[in-house]
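Residue numbers are given in the numbering used here: position 129 of the sequence shown equals residue 140, and the series is strictly consecutive. Using N, Cα and C, we set each Cβ at its ideal position, and we do this for glycine too. Heads up, the thing below is written out as structure tokens.
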Amino acid sequence: MLGLRQKFLSNNGLVFLLFGGILFLLYLPAASCGWVSDSLGWLYSIQTESFFDYINRTQFGVRSFYQTTQFVTWIFYQLFGINRWAWHFLHIALHALNCTLLFAFVKGFLKDGKIASAEQIAFVAALLFCCSPYVSEVIVWKASFHYLQGLAFLLGILLLTRMYLLSQQKRDLVFALVLIILSIFSLELWYLTPLFCASMLLFYWNAKIVSFKNIKRTFSNILLPQLLLFGLHLLLVKIILGSNTARLGDGFWQRPLAYFAIKPPMYFFELFGGRFLPQSLRTEIYQFFCTYLGAGLFYGALFGLCFWLLFRLRQMSIRSKASCLFFLWMLVAISLITPMWFPERLLIVGDRYLYIVLPFFFTSLCLLLFLIKSASFKTIIFIGIVASECIGTLHLNRIWQKSENYSESLQTSFPKLPNKHILLLNNPAFYKGAAMIGAGADGEFKLMHNLFYQPKFPQEMDDVLAANLCTLKDSTSFQVLNDSTIRIQLLNKESFWWYGSDYAKNYETPNFSVELIDQHTYLLKLHQAASKFVLLFQQNGHWQQFPLHSEDSINRL
12 MLGLRQKFLS NNGLVFLLFG GILFLLYLPA ASCGWVSDSL GWLYSIQTES FFDYINRTQF
72 GVRSFYQTTQ FVTWIFYQLF GINRWAWHFL HIALHALNCT LLFAFVKGFL KDGKIASAEQ
132 IAFVAALLFC CSPYVSEVIV WKASFHYLQG LAFLLGILLL TRMYLLSQQK RDLVFALVLI
192 ILSIFSLELW YLTPLFCASM LLFYWNAKIV SFKNIKRTFS NILLPQLLLF GLHLLLVKII
252 LGSNTARLGD GFWQRPLAYF AIKPPMYFFE LFGGRFLPQS LRTEIYQFFC TYLGAGLFYG
312 ALFGLCFWLL FRLRQMSIRS KASCLFFLWM LVAISLITPM WFPERLLIVG DRYLYIVLPF
372 FFTSLCLLLF LIKSASFKTI IFIGIVASEC IGTLHLNRIW QKSENYSESL QTSFPKLPNK
432 HILLLNNPAF YKGAAMIGAG ADGEFKLMHN LFYQPKFPQE MDDVLAANLC TLKDSTSFQV
492 LNDSTIRIQL LNKESFWWYG SDYAKNYETP NFSVELIDQH TYLLKLHQAA SKFVLLFQQN
552 GHWQQFPLHS EDSINRL
């Protein structure tokens, strides 16, 4: 039995198939989901723009160098169109690949240091990564493709750099350089690779695993080109995009330090399951980390730990140094995502940012837990963690499934209306964090309908605001204040209004304006005669027409 297990763990192909099978079963409830929000904009772009414009994202509001990502999705679209199963299998296969790459890299890395149970540690870390509920968004939501691809590049470069460091084979060098070049034109996750490769070289040099000659050649042939390409990338961003920072824009540099500083303790809290605690408790913990006391305790403990590890570094075993390296990578990955919006109120949405942290978090965790000497106790712990992860993932995927059914019902039950300007008053932005049909200047409901359903809408249509649904029976109240003003309120106090990619705010169009009273209430003010509009609100997955001329308050319970 032991020999069979060792043979299995030495075959990366079998490991990939195992991970793929697990993911297929876990994500079966959400197989057709995820074509919402930014996925719609991407789909509209690939159908309407020229190849050049699509590849270079010339029509996209946030400029960046994503040519590799755009080309891959363009090719896949030409082959499979919007076949939902094809895209679902692509995302499953990419995550299974990333789990396998993590397994192969960690296994080889730990074996190089002659660390006991290297294959078992690597497999358990990859299995935890495979089953994590925090992966749900990147697999289900099709707009997260570049996170899957970006991590594949990062792990692939690390694996090939390690192989070249040991063997000095030209083939490994060529493949590594190809991946580096491709990664530059994908997600900015590749910013981590020079630092990761440099720290890995230092680890191998310090541990005397390879000769200094191999270290030097790897530095010259892999790390130095990365650093030169990184500098060239920043220069091109400045010259071509006119910005100091790709994707984030120059406004990124103007944010206060506190905006970034409060994110790491929150992400640590999330990594240990904080996202699944009751919202009231989560809010208290997040608010605590925003205080001087909370931030001081966190950073005091973190910096104290880092200084202690640095002080003890010379006396550490190779295993302890390996643990420190993966812990460092986890911290660096968290620092990379601190500029991004933190989803403190919802499940699922925003978990794509954690995707680049999870591999190093789980590897650090497994290195720590494998110090437990009792094999049976270790087995119980890991089975318990994997089981809880699978339960959490299935729970999130059922949420995706329910959100998809609700969105489908809203699209297929849309009433036939006269050719007037249609205002949708309360699109469902999320169901417990699973993205649905938001509101924005691009008219998400109409865009979604015209991409997937027939007949297409000829009328003018605006999504006024959208709300997250805490339950599928959440209600909205309406009160006519005068012949051009309506007060609209969410009755569930845990719900809040949403617009675009952020919380709702006041805005105005030539036809109407929105004045936000609080996070649950807004005023809709029409700028033209009410007879020119048709106002619709959704309830329980169906649309109803709002009787604008009624003077009574109307509650939908």
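Q. Is Thr520 helix, strand or coil when you go by DSSP?
A. In the structure shown, Thr520 sits in coil (DSSP, three-state: anything other than H, G, I, E or B).
Q. Residue ranges of each alpha helix (DSSP H) run of no fewer than 4 residues wholly in the region 175-222, ordered along the chain?
A. Uninterrupted alpha helix (DSSP H) stretches at least 4 residues long and entirely within the region 175-222 occur at 181-195 and 203-217, given in chain order.
Q) Anyone know if the C-beta pair for Phe373 and Phe76 falls short of 8 Å? A) No; because the gap between Cβ atoms is not below 8 Å, this pair is not in contact.
Q: Please name the residue in Ala187, Asp123, Thr172 and Ile103 whose C-alpha comes closest to that of Val146.
A: Closest by C-alpha distance to Val146, out of Ala187, Asp123, Thr172 and Ile103, is Ile103.
Q) Between the Cα of Leu436 and the Cα atoms of Phe557, Lys504 and Ala137, which residue gives the shortest distance? A) Nearest neighbour of Leu436 by Cα position, chosen from Phe557, Lys504 and Ala137, turns out to be Phe557.
Q.
Can you tell me whether His460 is buried or exposed? The criterion is at least 16 other CB atoms within 10 Å of its CB, across all chains shown.
A. Around the CB of His460, 16 or more other CB atoms lie within 10 Å, so the residue is classed as buried.
(Q) Our contact map puts Ile572 next to Phe300 with C-beta atoms below 8 Å; I'd like the distance itself, whole angstroms only. (A) The structure shown does not extend to residue 572, since the chain is modelled only from 12 through 568, so no value can be given for it.
Q: Out of Val185, Gln237, Ser178 and Ile195, state which residue places its alpha-carbon closest to the alpha-carbon of Leu206.
A: Selected option, being the one with the closest Cα: Gln237.
Q: Name the one or two DSSP bridge partners that Glu526 has.
A: DSSP lists Leu534 as the beta-bridge partner residues of Glu526.
Q: Less than 8 Å between the CB atoms is what I'm expecting for Ile391 and Leu380, so what's the real figure, rounded?
A: Their Cβ separation, rounded to whole angstroms, is 11 Å, which puts Ile391 and Leu380 out of contact at 8 Å.
Q: Check whether the Cβ atoms of Tyr514 and Val525 sit closer than 8 Å, and answer yes or no.
A: Not in contact: Tyr514 and Val525 (Cβ atoms no closer than 8 Å).
Q. In chain order, what residues of the same chain lie with their CB nearer than 7 Å to the CB of Thr79, ignoring the 5 residues before and after it?
A. Correct list, in chain order: Leu193, Phe196 and Ser197.
Q. What residue does the alpha helix (DSSP H) around Ser399 start on, and which one ends it?
A. It spans Ala386 to Thr423 - the alpha helix (DSSP H) in which Ser399 sits, taken as one unbroken run.
Q: Pull up the CB-CB distance for Leu535 and Thr496, whole angstroms please, since I reckon it's below 8 Å.
A: Distance from Leu535 to Thr496 at the Cβ level is roughly 7 Å; contact confirmed, criterion being Cβ atoms closer than 8 Å.
Q) When DSSP labels each residue in this structure, what does Val475 get in the three-state scheme? A) Here Val475 sits in coil by DSSP.
Q: Determine, using beta carbons only, whether His538 and Asn551 come nearer to each other than 8 Å.
A: Cβ atoms of His538 and Asn551: not closer than 8 Å.
Q: Could you tell me whether the Cβ of Leu421 comes closer than 8 Å to any Cβ of chain D?
A: No chain D is present in this structure, which holds just one protein chain.
Q | Pro439 (DSSP reduced to helix, strand or coil) | A | The answer is strand: DSSP assigns Pro439 an E or B state.
Q. What runs of the alpha helix (DSSP H), each 4 residues or longer, lie entirely inside the region 99-159?
A. Counting whole runs of 4 or more residues, the region 99-159 contains the alpha helix (DSSP H) stretches 129-142 and 147-151.
**Q.** Beta carbon of Ser506 nearer than 8 Å to that of Ala477
**A.** Cβ atoms of Ser506 and Ala477: not closer than 8 Å.
Q: Could you pull the start and end residues of the beta strand (DSSP E) that Phe489 belongs to?
A: For Phe489, the enclosing beta strand (DSSP E) starts and ends at Thr487 to Asn493.
Q.
If the criterion is Cβ atoms closer than 8 Å, does the pair Ile296 and Gly285 meet it?
A. Yes, the Cβ-Cβ distance between Ile296 and Gly285 is below 8 Å.
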